[in-house]
Amino acid sequence: MANANAIINDEMTLEEKLAAIDLAMKNAQEMANDEAISKGLTAAPIDPQDFLMCEGCQ
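Residue numbers (our numbering): 181 to 238.
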């Protein structure tokens, strides 16, 4: 799970925050893809909503 403080800060503009979030999501998807490929599987797209709830609620 990503730490929002490591991705965005109060000094950034809205556009910079959105770009940083997009980059973080892209990187997370690439990591999931790489992990799945190494296991001979296919990764499903990451749902941003998953970052907003605990694992038990998913």
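Note that the Cβ used here is the ideal one computed from N, Cα and C, for glycine as well.
Open item on the list: Using 9 Å as the threshold, is the C-beta distance between A223 and A212 below it?
Closed with: Against the sequence shown, residue 223 aligns to sequence position 43. Against the sequence shown, residue 212 aligns to sequence position 32. In this structure, A212 lies closer than 9 Å to A223 by Cβ.
Open item on the list: Starting from L203, trace the alpha helix (DSSP H) in both directions and tell me its first and last residue.
Closed with: To locate residue 203, count along the sequence shown from 1; it is residue 23. Residues L194 to S218.
Task: Per-residue DSSP class, three states only, for N191 - done: Counted from its first residue, the sequence shown places residue 191 at position 11. At residue 191 the sequence reads Glu, which differs from the Asn that was named. E191 falls in the coil class under three-state DSSP.
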